[in-house]
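Chains as they are written, first to last, in our numbering: chain A, 41 to 305; chain B, -3 to 332; chain C, 1009 to 1267.
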């Protein structure tokens, strides 16, 4: 039994250690400010914008969309923590170890996944309390599954961007670009169908589009089976991002070993 | 019986890109130009040379962090290029300097993390972490954040980290760099302890005295080439004429000087400088050690102000080998 | 004269260090473009001109506040960690608050291009746009820049004292966007927040932008300018005092020079 349990325990233990080690913002006030206050304010802002531009019928639409996209914050933070590894100067040590690169890669997202879910929970609570979103017809399993899919997607793209940032330095810019792009094209505030035709394909490959659509259907009463196609597409994308991120890291290591550019990666 | 490390004609070139946006240039810089050496198991082997000599490049290749341009290297019987995974399981690495630790968590957490990286089971991990912390004297502060540690403590933690998976071979890349004299001395004691455990150690340093003090054998590298390879004593014997005695005699006693001249013999150089109330005699001789022993009898009756014995240092050897300076000239810090 | 020269120099330095770097420019343009895009798509091509103007120009102002707040927060880190120049700034005879003011106003200059970018994006998405580019509108935008920089200056002093506040800028973006009614009228907000809004200089500036965009004459907009600038002056005075306090504290605790 220990033979099976040990690696699993090690995986999660290391995930927790590395989260604390690299996650610069892990202290209570900052956490509250950025993961509770800020998300709620984001909802308030877009809720009011919705009221101004389309009346109360619009509000639910924007509030639901924003509640789910807030899972993206976890992914953003996951991306940052990968960049921190370089600052700590531990990359060469990791590379010189025999540890599995894939395990090491995934470890960096584990705690942020839980964090993502927490943020979404806070956002939904605000959506209910402040905007009285009508959940009377909502299908709970479908809604929860949509949120979980969004969180996984968030980590997937976060880790991918984090890996890319090891080579190109400005992760801050990349993740902000992504988050803002999502606000426009992932159906968060505006239906994908309302976007110009040339933008719509982008929506299909970005994270959250499908999870948000699924969440809206779930609120309207669709069951888990009903939203499954959307969720599968979302998870497929998530796996794709993770794979890209991992392959990028492996390639980066290969290049670093050949070029001797380890300290500058 | 294969050596712990076998290096054969190892070369490493870098492409350096330069120039501005309009005129890009490319040139090749050779960091290693064909080095061949063996390190025996259990040996404390030193790579000595100035900055840019190729020491760090060599260690990176041997620790699988860098691919060589040509040549081969095996560590504990495994090829560093094709069997990197196996090499990594058996080696430990320590870089000098501040980085390479996770500052925001404790020493214990750092060690646990690396123990997990090396696949140590829970029970073994617990035991090794406790042992390592004890060995480097960090038990009291084990649960404090590493960014509250002094530089010396961080270096000790590095050592603990290096030991956690009990590697057979340890690479130490400029381990005392940036440490104050006490910290550096403590670290050197740690290195001796590692050696006493039977580990093979490859140490790079540009501190000549450090290599002299610690290493069984030293390879002097300069500009990517191996310039000398021998034990410290053997290396020093290569510059015997650098043994210098400086004797200050009070009051003019020409017979004392004459006796010294006779003692020194024809193979030595003796210069005497007369000052108002004393004489400075400078004796340079290959037999320096013997002369020093004979001084008390030779100078009996004379009033001796001071005696300075200057043994050739590794720095003298290095300077002689690399820079071709004349014997007896003051040693200079090698230019980067 | 020294003050003016220092101020101008700081403004230019900020532009040189930051303003013209592509990645920074893109960041300054990102928020306004996104906000304008969202607003434009929400309203659609058939939207009334006033609403569209408010949302598009407001999007630019939203970006401007974000950029200024970011500068207020991270200037210390830039001067301390990257250039090691903060202590030198403090040791100079001119007030450090003046130098910061130069930086912040420099940031608004860059952010004004964000306003233009937002309008361009909306035009792209909607296919057409009717925005009266009157002198009144131009002046209103300048007034907005001044008020936003002034508000940023007030925030800057506490951020020097407590660097941990710099991590809160995400949370400090929204309150100003909302309370100053940058993209939607404060009439949508609960009554108890009204005094807060009225005390915000950017609120008056945003109102003047809205009024001017409706094609109103200068006479109708001027009172709002006066209110905005009056408050901005008050902010300036508060900020100068706050800076003196903070720097005295820093000199006492020895935290002026890092390392």
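Think of the CB as a built atom: it goes at the ideal place given N, C-alpha and C, for glycine as much as any other residue.
Item	Value
Alpha carbon to alpha carbon, how far is residue 207 (chain A) from residue 129 (chain A)?	14 Å
Could one say the Cβ of residue 99 (chain A) lies closer than 7 Å to chain C's Cβ atoms, at least one of them?	no
Assuming residue 1236 (chain C) contacts residue 1151 (chain C) (C-beta within less than 8 Å), just tell me the rounded distance between them.	5 Å
Give a yes or no on whether 7 Å exceeds the smallest Cβ distance from residue 1026 (chain C) to chain A.	no
Between residue 205 (chain A) and the rest of its own chain, which residues show a CB-CB distance below 7 Å, the 5 nearest in sequence each way excluded?	119, 122, 123, 211 and 214
What is the DSSP secondary structure of residue 147 (chain A), counted as helix, strand or coil?	helix
Beta-carbon of residue 13 (chain B) versus every beta-carbon of chain A: anything under 7 Å?	no
Using DSSP with H/G/I as helix, E/B as strand and the rest coil, what is residue 1216 (chain C)?	helix
Is the shortest distance between the beta-carbon of residue 101 (chain B) and the beta-carbons of chain A less than 7 Å?	yes
Considering just the uninterrupted stretch of the alpha helix (DSSP H) at residue 23 (chain B), what are its terminal residues?	Not the alpha helix (DSSP H): residue 23 (chain B) falls in the beta strand (DSSP E), residues 21 to 35.
If you draw a straight line from the alpha carbon of residue 1216 (chain C) to that of residue 97 (chain A), how long is it in whole angstroms?	30 Å
Under three-state DSSP, which class holds residue 273 (chain B)?	coil
Would you report the Cα separation of residue 1225 (chain C) and residue 1144 (chain C), rounded to the nearest angstrom?	7 Å
At a Cβ cut of 7 Å, what residues of the stretch 105 to 133 of chain A count as close to chain B, listed as they run along the chain?	128, 129, 130, 132 and 133
Below 7 Å on C-beta distance, what does residue 89 (chain B) contact in chain D?	Within the model displayed, chain D is absent; protein chains A, B and C are what it includes.
Taking Cβ-Cβ distances below 8 Å as the criterion, which residues of the stretch 1065 to 1096 of chain C are in contact with chain A?	none
Which runs of the alpha helix (DSSP H) at least 4 residues long sit entirely within the stretch 126 to 184 of chain B? Give them in chain order.	147 to 159
With a CB to CB cut of under 8 Å and the five nearest residues on each side skipped, what residues in its chain are close to residue 292 (chain A)?	203, 206, 207 and 305
Does any C-beta atom of chain A lie closer than 7 Å to the C-beta of residue 1246 (chain C)?	no
Which class does residue 203 (chain B) belong to by DSSP, given the choice of helix, strand or coil?	coil
Taking a contact to mean a Cβ-Cβ separation below 7 Å, would you say residue 85 (chain A) touches residue 1185 (chain C) in this structure?	yes
Quick one: which chain C residues come within Cβ less than 7 Å of residue 94 (chain A)?	1050
From the DSSP output, in three-state form, read off residue 1252 (chain C) for me.	helix
How far does the alpha helix (DSSP H) with residue 1018 (chain C) in it reach, from first residue to last?	1010 to 1022
For chain C, is any of its Cβ atoms less than 7 Å away from the one on residue 78 (chain A)?	yes
Can you confirm whether residue 375 (chain A), when its beta carbon is compared against all beta carbons of chain C, has any partner nearer than 7 Å?	Only positions 41 to 305 of chain A appear in this structure, which leaves residue 375 (chain A) out of reach.
To the nearest angstrom, report how far apart residue 191 (chain A) and residue 1142 (chain C) are at their CA atoms.	47 Å
Go ahead and label residue 193 (chain A) buried or exposed: buried means 16 or more other beta carbons lie within 10 angstroms of its beta carbon, across all protein chains shown.	buried
Let's see if you can read the secondary structure: which residues bound the alpha helix (DSSP H) around residue 1184 (chain C)?	1177 to 1187
I want to see whether chain A comes within less than 7 Å of residue 26 (chain B), judged by CB atoms only; does it?	no
Tell me, which residues are paired with residue 280 (chain B) by DSSP?	B:240 and B:265
Would you call residue 279 (chain A) buried or exposed, if buried means 16 or more other Cβ atoms sit within 10 Å of its Cβ?	exposed
For the structure I just gave you, are there three or more beta carbon pairs, one from the stretch 153 to 160 of chain B and one from the stretch 104 to 113 of chain B, closer than 8 Å?	yes
Give me the DSSP bridge partner(s) of residue 246 (chain B).	B:274 and B:299
Which class does residue 116 (chain B) belong to by DSSP, given the choice of helix, strand or coil?	coil
Assuming residue 86 (chain B) and residue 164 (chain B) form a contact by the criterion Cβ under 8 Å, report the distance between their Cβ atoms to the nearest whole angstrom.	5 Å
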